[in-house]
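Per our numbering: the sequence shown = residues 4 to 129. One structure is given below, encoded as structure tokens.
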Amino acid sequence: ALKEQIDKTLNNYVSKFPDIQNLVLSTVDGFEISSVLDQGGEEIIRKVSAMSSSLQSIGSAILREIGAPGYQYLYLNNGKRSVFIYLISGNQLDVVLMAVSGEIDSLGQALWMMQKLVDEVKELIQ
């Protein structure tokens, strides 16, 4: 039942915010829970899930080392696409959300849109 709710939430989000093209929600150890992808198959999902959780772990470790614990998100950009990686902690489990967008006009607006999704997922895993 939880997976169905998460699937529905991710699909609704992509419908509301077409700038977000791909979403992958995975466990902190890199296993895919749910995804919405505009291209690719299961092999890509497995790779992206593993890489997202690894990047989240590295980001958390860097922040701890510099005395700034409390990881929120990692943002990557190459000018054409942006990647957002969030750690979402809940009572039932911790998950990693990775989102890919096309070109964005406003980073602030994109972060606001992502925070809305993070809040929805967090509510589901409480």
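No residue lacks a Cβ here, since even glycine has one placed at the ideal position from N, Cα and C.
Selected residue, minimal CA-CA separation from residue i, among the options
i    : options                : result
S52  : G62, L66, L26 and K119 : L26
Y78  : L58, N94 and I69       : L58
V103 : E68, I48 and G93       : I48
V39  : R84, P21 and D32       : P21
Cβ neighbour criterion (16 or more within 10 Å) applied to residue i
i   : result
F87 : buried
A64 : exposed
L90 : buried
S18 : exposed
L96 : exposed
Same chain, Cβ closer than 8 angstroms to residue i, neighbours up to 5 away in sequence not counted
i   : result
I36 : K6, I9, L28, S29, T30 and V98
In DSSP terms, what residue i is bridged to
i   : result
D97 : S92
Own chain, CB closer than 7 angstroms to residue i, minus 5 neighbours either side, in chain order
i   : result
P72 : L66
F34 : S52
K83 : E106
query: Is the region 103 to 113 touching the region 122 to 129 in the sense that three or more CB pairs, one from each, lie closer than 8 angstroms?
result: no
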